[in-house]
Amino acid sequence: MAAETKIDDEIEKLRQEIQELRRNCAAKEKRLSELEAQQQKQNEQANAQQQQTSASSDQMLNNDDIARYSRQLILPNFGVKGQLKLKQTAFLIVGMGGLGCPSSQYLLAAGCGRLGLVDYDEVERSNFHRQTLHTEMSIGMAKVESAKQALQQINPHCQIECHRLLLNSENALEILRQYDVVLDCTDNVATRYLLNDACVMLNKPLISGSALQMDGQLTVYNYGENCPCYRCLYPVPPPPDTVTNCGDGGVLGAITGVIGSLQALEAIKVALGGLGGEVLAGRLLIFDGGRCQFRNIRLRSKRADCDVCSPKPMITQLIDYEQFCGMHASDKDMALNILPLENRLTVEEYKNEVLQRKHILMDVRQPAEFEICRLPNSENVPLKTILNDSYLQRFEEELKDEERGIILLCRRGNDSQLAAQHILQRFPQRAVFDIKGGLHAWHFKIDNSFPIY
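For what it's worth, our numbering labels the leading residue of the sequence shown as 1162, then goes sequentially.
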């Protein structure tokens, strides 16, 4: 036993030392990036002074440009003019996750002149399967800095600007007005409304993508006279308990790769006036990854009474979008609070007071999630089987015992509230509780060896 403890201690010590080395390496990489940026800025200033001596230099590509972009330069509707136009265009990517990584890679590789990156978050291990710019060495780094370092290895001639912040109504207009084309690569409803309203007010085209599980969608808002904005299609936000992001519902990394790449394509087409084709404005592209099928449907035109893009808009300045949507502009532990406090247990209360009593512990996650990890003696009862009451037959004998408590559990304490609320409506006199924070709270407060995802 003592030998096992010694090994455990050494393993933990090594992990901490490795993490410290990673932090030091990240700090040095950040400093290197800053110095390289200063050097690049000095070089650009020197180049700018040289270019002032030749009026025609802005209309020319150098030998490196011709070699680097040769395969797109020979496209009939692209050519030198298209490359120069792309070089003069500034793109802003909001969200450096599964969509933002491929979008930024292809825009930068294509030779965009200036690329802005917006994200408040840091790199963590759960990002790697879909956010392909980030690596093991990036853990703990700001996503925008991690992405910038990776992108500079692809094309060092593009100017990259990092905005490490959570976009809100106070800073959105100031940031967006610096760019020509905006890409919405986020994963929450509040930011979608924020970006839509800001782009309408600034008359900026907005390339909007989304990906969840095996499906993806893509469209372009605020491009052309009859193109609808996001509010034209969704005047009222959905109820918070009906919204699922990839953190809760999951997503296959390749799906985000497909949609993110297509966002880059549409952004390039917008910048170059269609590139001989048709911009995806007024149309919605739907990708079914399970069948590998694309569908293209026509959207309605602008609403004459739209609150933001109509001739007489009701909204003329940015509002509090978290309040408007009833949810956070973040995918970090978005906690619902729909169950009375008297029907909620902390993980400590469950472990110390309830665990030894007679009860049913219902884990309402999907079977695939239940297979990853579970608490002892828990029963997998997916949420949908509770909401459609099919669980009643399965637990017919247990439910006859009115002294047996019913405890609901999920990953983060959201779906368990929905389940508890539904069961309370049928059994108002029963002791029905959910566990606050779910399995994540169990990991952080009870057993940090319990896996989380």
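Don't be surprised by glycine CBs; every beta carbon is placed ideally from N, CA and C.
I'd like the span of the alpha helix (DSSP H) that includes residue i, first residue to last.
{"i": "ASN1224", "result": "1224-1229"}
{"i": "PHE1611", "result": "Taken as a continuous stretch (DSSP letters only), PHE1611 belongs to no alpha helix (DSSP H), as it is neither H nor E."}
{"i": "ILE1567", "result": "Note, ILE1567: premise wrong, no alpha helix (DSSP H); beta strand (DSSP E) at 1566-1570."}
{"i": "PHE1485", "result": "1482-1486"}
{"i": "ILE1416", "result": "1414-1432"}
{"i": "ALA1333", "result": "1333-1337"}
{"i": "HIS1112", "result": "With the chain running from 1162 to 1614 in the structure shown, residue 1112 is simply not present."}
{"i": "TYR1395", "result": "Neither: TYR1395 is in no alpha helix (DSSP H) and is coded neither H nor E."}
{"i": "ASP1409", "result": "1407-1410"}
{"i": "ILE1499", "result": "Premise fails: ILE1499 is in no alpha helix (DSSP H) and is neither H nor E."}
{"i": "GLU1559", "result": "1557-1561"}
{"i": "LEU1328", "result": "No alpha helix (DSSP H) holds LEU1328; DSSP gives it neither H nor E."}
{"i": "LEU1479", "result": "Neither: LEU1479 is in no alpha helix (DSSP H) and is coded neither H nor E."}
{"i": "LEU1544", "result": "1544-1548"}
For residue i, report the span of its beta strand (DSSP E) as first-last.
{"i": "GLU1380", "result": "Note on identity: in this sequence residue 1380 is Thr, with Glu being the wrong assignment. Element bounds for THR1380: 1376-1382."}
{"i": "ASP1449", "result": "1444-1449"}
{"i": "LEU1373", "result": "1367-1373"}
{"i": "PHE1531", "result": "Not the beta strand (DSSP E): PHE1531 falls in the alpha helix (DSSP H), residues 1528-1533."}
{"i": "ASP1595", "result": "1593-1596"}
Out of the options, which has the shortest C-alpha to C-alpha gap to residue i?
{"i": "PRO1366", "options": "THR1352, LEU1506, GLU1386 and LEU1278", "result": "GLU1386"}
{"i": "TYR1267", "options": "GLU1297, ILE1420, LYS1519 and PHE1531", "result": "ILE1420"}
{"i": "LEU1426", "options": "GLU1439, ILE1416 and ALA1415", "result": "GLU1439"}
{"i": "SER1462", "options": "LEU1445, ARG1518 and ASN1349", "result": "LEU1445"}
{"i": "CYS1350", "options": "ILE1533, ARG1505, ILE1607 and SER1491", "result": "Checking the sequence, you will find Val at residue 1350 rather than Cys. Comparing Cα-Cα distances from VAL1350 to each of ILE1533, ARG1505, ILE1607 and SER1491, the minimum goes to SER1491."}
{"i": "LEU1222", "options": "GLY1243, LYS1191 and GLN1180", "result": "GLY1243"}
{"i": "TYR1281", "options": "SER1264, THR1296, GLU1297 and GLY1301", "result": "GLY1301"}
{"i": "LYS1561", "options": "ILE1547, ASN1406 and PHE1588", "result": "PHE1588"}
{"i": "VAL1279", "options": "ILE1476, GLN1517 and ILE1336", "result": "ILE1336"}
{"i": "LEU1516", "options": "PRO1501, GLU1503, CYS1534 and ASN1538", "result": "ASN1538"}
{"i": "GLU1102", "options": "ARG1456, GLU1197 and PHE1594", "result": "Given a span of 1162 to 1614 for the chain in the structure shown, any question on residue 1102 remains unanswerable."}
{"i": "ASP1225", "options": "ASN1316, ALA1187 and SER1371", "result": "ASN1316"}
{"i": "HIS1601", "options": "ARG1572, GLN1590, THR1296 and GLN1582", "result": "ARG1572"}
{"i": "ASN1541", "options": "ASP1524, ILE1547, ASN1504 and PHE1556", "result": "ASP1524"}
{"i": "GLN1582", "options": "ASN1504, GLN1206 and GLN1454", "result": "ASN1504"}
{"i": "ILE1547", "options": "VAL1342, HIS1604, ALA1580 and GLU1558", "result": "ALA1580"}
Since residue i sits in a beta bridge, which residues does DSSP pair it with?
{"i": "GLN1539", "result": "A small fix is needed here, since residue 1539 is Ser in this sequence, not Gln. Answer is LEU1522, bridged to SER1539."}
{"i": "ARG1275", "result": "ALA1251 and GLN1320"}
{"i": "ASN1349", "result": "DSSP lists no partner for ASN1349."}
{"i": "GLN1454", "result": "ASP1449"}
{"i": "GLU1283", "result": "ALA1303"}
{"i": "ARG1232", "result": "According to DSSP, which records beta bridges pairwise, ARG1232 is partnered with nothing at all."}
{"i": "VAL1342", "result": "PHE1252"}
{"i": "ARG1291", "result": "DSSP output for ARG1291 lists no bridge partner at all."}
{"i": "ARG1505", "result": "ASP1595"}
{"i": "ARG1459", "result": "ARG1444"}
Considering only residues of the same chain and omitting the five flanking positions on each side of residue i, which have a CB-CB separation below 6 Å?
{"i": "LYS1174", "result": "none"}
{"i": "PRO1401", "result": "GLY1487 and MET1488"}
{"i": "ARG1325", "result": "ALA1303 and VAL1305"}
{"i": "CYS1388", "result": "ALA1442 and GLY1443"}
{"i": "GLN1249", "result": "GLY1274"}
{"i": "ASN1288", "result": "HIS1295"}
Within the same chain, show all residues whose beta-carbon is closer than 7 Å to that of residue i, passing over the 5 residues directly before and after it, in chain order.
{"i": "CYS1390", "result": "ASN1357, VAL1361, TYR1382, ASN1383, CYS1467, VAL1469 and CYS1470"}
{"i": "GLN1527", "result": "PRO1543"}
{"i": "ARG1291", "result": "GLY1259, VAL1412, GLY1414 and THR1417"}
{"i": "ILE1235", "result": "none"}
{"i": "VAL1404", "result": "VAL1350 and MET1488"}
If you check the beta carbons only, do residue i and residue j fall under 8 Å apart?
{"i": "ARG1275", "j": "GLN1320", "result": "yes"}
{"i": "TYR1230", "j": "GLY1272", "result": "yes"}
{"i": "ILE1596", "j": "VAL1508", "result": "yes"}
{"i": "ILE1368", "j": "ASP1345", "result": "yes"}
{"i": "ALA1592", "j": "GLY1566", "result": "yes"}
{"i": "GLY1277", "j": "PHE1239", "result": "no"}
{"i": "LEU1373", "j": "GLY1408", "result": "no"}
{"i": "GLU1190", "j": "GLN1310", "result": "yes"}
{"i": "LEU1334", "j": "LEU1363", "result": "yes"}
{"i": "LEU1536", "j": "LEU1570", "result": "yes"}
{"i": "ILE1521", "j": "GLN1578", "result": "no"}
{"i": "ASN1575", "j": "ALA1496", "result": "yes"}
{"i": "ILE1533", "j": "TYR1482", "result": "no"}
{"i": "LEU1379", "j": "GLN1424", "result": "yes"}
{"i": "CYS1186", "j": "MET1257", "result": "no"}
{"i": "SER1450", "j": "GLY1377", "result": "Checking the displayed sequence, the identity of residue 1450 turns out to be Gly instead of Ser. Going by C-beta atoms, GLY1450 is nearer than 8 Å to GLY1377."}
Within a Cβ cutoff of 8 Å, which residues of the same chain sit near residue i, ignoring the five residues on either side of it in sequence?
{"i": "LEU1247", "result": "ALA1271, GLY1272, CYS1273, GLY1274, ILE1429, ALA1432 and LEU1433"}
{"i": "PHE1485", "result": "ALA1351, TYR1354 and PRO1398"}
{"i": "PRO1237", "result": "GLY1437"}
{"i": "ILE1480", "result": "SER1330 and ASP1358"}
{"i": "SER1215", "result": "At SER1215 the pLDDT is 34, less than 50, meaning the model places this residue with poor confidence and gives no usable figure here."}
Do we get a CB-CB distance below 8 Å when we pair residue i with the residues of chain D?
{"i": "PHE1531", "result": "Although the question refers to chain D, the structure presented lacks it and comprises just one protein chain."}
Less than 7 Å separating the Cβ of residue i from some heavy atom of the ligand NAP?
{"i": "ARG1286", "result": "The model depicted lacks the ligand NAP and carries no ligand whatsoever."}
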